[in-house]
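Down below is the structure, laid out as structure tokens.
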Amino acid sequence: MRNMRTGRILVIAALLAAAAAAVWWAGQHWRQQPAPVIWFMPKTAAPEMEFWQVMLQGVHTAAAEVGAEIRVAGTAEEADVEGQITLLEQAVREKPQAIILAATDYNRLMPAVTQVREAGITLVTVDSGVSGEPAASLIATDNYEAGRKAGAVLGSMLEPGDTAAVISFVKGSTTAMEREAGVRDSMSEVSGLRLLETRYSDSSIEQAYQLTRDLLEQEPGIKAVAALNEMTVVGAARAIEEAGLAGTVRLVGFDSSMDEIAYMERGVLDATVVQRPFNMGYLAVRTAASAAAGDRVEPSIDTGSVVITRSNMYTQENQKLLFPFVE
Amino acid sequence: MKPLRWFQFKSIHTSIAIAFSLLIICTTLVLSYNTYRVSSGAVTDNSLQYTAQLVEQVSMNINTYIANMQSISELAARQEPLRRLSMLEEAGGGGAARLKEETERLFQSIVSSRSDIAAIMFVGSSGIVASSREDAVPKSYKELSGQDWYRQAIEADGETVISSSRVQHLFEQEYRWVVSLSRALPGTEKGMPGGVLLVDLNFSVINDLCSRIHMGSRGYVFLLDPEGSLVYHPQQQLVYSGLKSEAVDAILASDDRTFEFEAGGVRKIYTVHSSGYGWKTVGVNDPDELGGSKGYMQRAAALWGILCLAVALAISVILSRRLMKPVKALNSNMKLVEKGHFDTRTDFDSPNEFGRLARTFNLMTAKIKELMEQVVQEQEDKRVSELKALQAQIHPHFLYNTLDSIIWMAETGKMNEVVRMTSALSKLLRTSISKGEERVPIRRELAHIEHYLTIQSIRYRDKFTYEVDVDPDILDCLILKIVLQPLVENAIYHGIKNMADPGHIRISGCAAGEDIVLIVEDNGTGTDADQLNRMLAQAEEAASRTAAAPAGVGGQGQGGGSTASKGGSGGVGLHNVNHRLRLNYGEGYGLRFESEWEEGTTVYVRIPRVPRQEE
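The listed protein sequences correspond, in order, to chains A and B.
To get the working numbering, take the position in the first sequence, counting from 1, and add 901.
To get the working numbering, take the position in the second sequence, counting from 1, and add 15.
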């Protein structure tokens, strides 16, 4: 009996020692636990692409907050879909906690994205999604809403009976279709407006310029043009300025660039709808970290868009969007 | 009682261990908790102090930059070409162009040595524009004079205006982040301002300064201008889009201090420091991050607490085991002694209580052993004596003689006496066999002796008479078996047998205090009573001295060698009786002789008064 009690005490002591060792080990482990690794895969990693650089700032800001380690993997050119597929496959082999992907192609990345899911890696898409494979969350601008904003600005400058045109960039692109639908829905609220058939610039400044020149010739009474991406805006603005129609033919565009700002300052471009890439990057990392930790996340998050006009381009808020401070 | 069972320990060892452990647990808990509290408080204070220092540092650096801008502005404003340029009322003319050129050279010489200055520009109310930049085309006067910095400087009427961080768009196709310092310069005597001098500080200078500041992984510094707009904020875009917010109003209202602010479930610790130009430098700490290191400290405190506890518990168990080891050894030795191993010795070298206890225990064991041996000895002794008493009682010679007497009486036809004698012998034998009891009531002993006397009186016809006169009160008291017979035998054989006249034997008895004294008297030849007494004493001494040897043997030897009794058996019988009495009743009891030559002998038997116990 006595020996039993002694044994019990010894057992208790041993258990305590074991517990202490476990806590010690856990403490060590906890201290040495590496930060979760998140791969950020923009459409391009080219340093001159401000949109993605700003997004990267947001990514790093959020990474510091959630304590994640970020690996950036992007191709030199946005058109290099194969390159992104290769990078994505490499990312899957590295087995990070999460991948944030801005898909360069809606369909062609699908098989690689399937691998991501099969590897049990959390996938968050940003800016552009992938067909078929649902990501944990899509963080992007609501392009339809952005289109509606552009349409509203343009509509407010027109009168019933005026003629307007929409120049889109790539036929079949979801972004283009959503923006176009927004613009058209919004502008159709202006009664008696004559909306011409949509033309496609194929994301070429030159083609947009030619298209716009043709348009101005064919439709001399045209009052407004909505250009759905940055290249198209620049091409259209050039054509309008050359024709000496700045201020007469109203132009509303999307996104921002130095060229666009210059056209805006010269009064050629009346308004542009810009996205919030910093917020996109920030929210993508936070969402990816939450999803990787097993928390429920919103399947799609709209980061919003802002209408920039000549009068508000130098406000505190908009300066940051138009002139990102990239160190 | 049930719930307490766990705490009822059978061994002191466990109790001590538990007591130690509880003590240690309490101490460790209190110590750990206090250590944690004190150190976490110290760390929090340290962090906040560190933050305050950083914030002050940043604030001072920014002050320096702005003071530099101010001094550059003042330096430029004092220069002759610029003063004259601002006095110009007309932009045209060769003089104006030359002044502009001189002013621009002046600006360039100032800027050339400084990388933090983005540009210096003078916009005169005459429409003239002079800038430090040769490589960039300034915008038109119309456009420039519509810009905020120009309008604000004019409104400020000569006072210095410092802008928030902003995108400067002085030149075509150039958009730089700057902080602008502008002031109106005096114009002609009419009191109209002659133009506005602008000094632009590269915002990257401030950006670098602030972004380099790291306070933990989540702490940061931001700058607020007097209107409440963010000059610098690492997450400016998040603030603008409403994903983050800062307590701008509280900060603007606050003087230089540290305070905690909670908004929308997010707690922040703000450390505010005002610079001389209305800007506020604000350090932001996440209280949870200060608490993060608190968490680490909590864990560390708990960890070390548990570790110390485990070690202390182990030590307490070992210590209590060591402490209780002698007791356990003593205990197991006691068990051995219990089982009869009296040779067990407990040896501790320690001089403490346990050592003393062990020595006492050893002494006790030795004593017990001695006593045990003594008891064994005495038991043996008694047995032997008793055997001898029995032998004495049914002495073969006595039996033969009695039987011979019976035969003789039968031959002579004395049938009555034959019957009497045989009956007496039969009863004598029966009583002597008895039931194996050691002690019998005096009544029975007397009956026994009466049978004996009956036989002897028949054998020694007319040789002696006898009487038994014992106080009836003591008849039920107990006496050792076969005490009187040897005495009567002795009286007959040594006192009366050799007498010419018929003798008389008297057996009397009475209580004497706590004792009983039985007396056997005869009026025979008498004997040397002193010698007899001495002989008994000697025999006792010898018996107790040679403890190993049964006393009876010595007694027998002594008896054999004794001269007082002519027949050996008599002496043997007497001191065997004495020996037995002593063994059974102890010192002070036994036989005592008194004798007078030709007068007779008296034997006193002293025994303790032991009333018969009802069984």
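C-beta atoms are modelled at their ideal positions from N, C-alpha and C, and glycine is treated no differently.
DSSP places A:Pro948 outside any beta strand (DSSP E), giving it a letter other than H or E.
One Cα belongs to B:Asp270, the other to A:Glu966, and the distance between them is close to 29 Å. Taking 7 Å as the Cβ-Cβ cut-off, the stretch 1195-1225 of chain A approaches chain B at Gly1205, Tyr1215, Gln1217, Glu1218, Gln1220, Lys1221 and Phe1224, given in chain order. Three or more Cβ pairs closer than 8 Å define a contact, and the stretch 50-63 of chain B falls short of that threshold against the stretch 354-366 of chain B. Taken in chain order, the whole alpha helix (DSSP H) runs of length 4 or more contained in the stretch 1043-1077 of chain A are 1044-1057.
Not a single CB atom of chain B sits nearer than 9 Å to the CB of A:Ile939. Between the stretch 315-332 of chain B and the stretch 284-296 of chain B, the count of C-beta pairs closer than 8 Å stays below three; the two stretches do not touch. When secondary structure is reduced to three states using DSSP, B:Val220 falls in the helix class. Interface flag for A:Ile1162 against chain B is set, since a Cβ pair is found closer than 9 Å.
Annotation for B:Val618: the continuous beta strand (DSSP E) segment containing it runs Gly615 to Pro623. Chain A places no beta carbon closer than 9 Å to that of B:Phe357, leaving this residue out of the contacts.
Taken in chain order, the members of the stretch 245-262 of chain B whose beta-carbon sits within less than 8 Å of a beta-carbon on chain A are Leu245, Pro249, Gln250, Gln251, Gln252, Leu253, Tyr255, Ser256 and Leu258. For B:Pro626, the beta-bridge partners assigned by DSSP are B:Cys492.
B:His519: member of the beta strand (DSSP E) spanning Gly518 to Ala527, first to last residue. DSSP, reduced to helix, strand and coil, places A:Pro997 outside both helices and strands of the structure shown, so it counts as coil.
Residue-level contact check: B:Phe218 touches chain A, since one or more beta carbons of chain A fall below 9 Å from its beta carbon. The count of Cβ pairs closer than 8 Å, one atom from the stretch 1168-1176 of chain A and one from the stretch 1207-1223 of chain A, reaches three, so the stretches are in contact.
Per DSSP, A:Trp953 has no beta-bridge partner at all. In terms of CA proximity to A:Gly1073, A:Asn1008 leads the group A:Asn1008, A:Ile1141 and A:Leu1039. Restricted to the stretch 463-513 of chain B, the beta strand (DSSP E) segments that are unbroken, complete and at least 3 residues in length are 479-485 and 493-495, listed in chain order.
Taking a Cβ-Cβ cut-off of 9 Å, B:Val299 has no neighbours in chain A, whose nearest Cβ is about 12 Å from it. When the alpha-carbon of B:Arg474 is set against those of B:Ile507, B:Ile169 and B:Arg445, the nearest one is in B:Ile507. DSSP, read as helix, strand or coil, puts B:Lys154 in coil. When the alpha-carbon of B:Val58 is set against those of B:Leu267, B:Asp264 and B:Pro302, the nearest one is in B:Pro302. For A:Met1165, no CB of chain B lies under 9 Å from its own CB, so it is not counted at the interface with that chain. Neighbours of A:Met1159 in chain B, taken as residues at a C-beta separation under 8 Å, are given in chain order as Gln188 and Tyr190.
With respect to chain B, the C-beta atom of A:Phe1070 has no partner C-beta closer than 9 Å. Looking at the DSSP output, B:Phe137 sits in a beta bridge with B:Ala145 and B:Leu212.
When the alpha-carbon of A:Val973 is set against those of A:Val1186, A:Gln1220, A:Thr1216 and A:Met1214, the nearest one is in A:Val1186. Taken through DSSP and simplified to helix, strand or coil, B:His410 comes out as coil.
Unbroken alpha helix (DSSP H) stretches of 4 residues or longer found wholly inside the stretch 236-278 of chain B: 251-255 and 263-268, given in chain order. The stretch 393-401 of chain B makes contact with the stretch 595-603 of chain B; the number of CB pairs closer than 8 Å reaches 3 or more.
If you look at B:His356, you'll find it isn't in any alpha helix (DSSP H); DSSP assigns it neither H nor E.
Inclusion of B:Leu253 and A:Tyr1101 in the CB contact set at 9 Å is not warranted, their separation being larger than that value. Within the stretch 986-1013 of chain A, not one residue has a Cβ closer than 8 Å to any Cβ of chain B. Judged by their CB atoms, A:Ala1190 and A:Arg1151 are not nearer to each other than the 9 Å cut-off.
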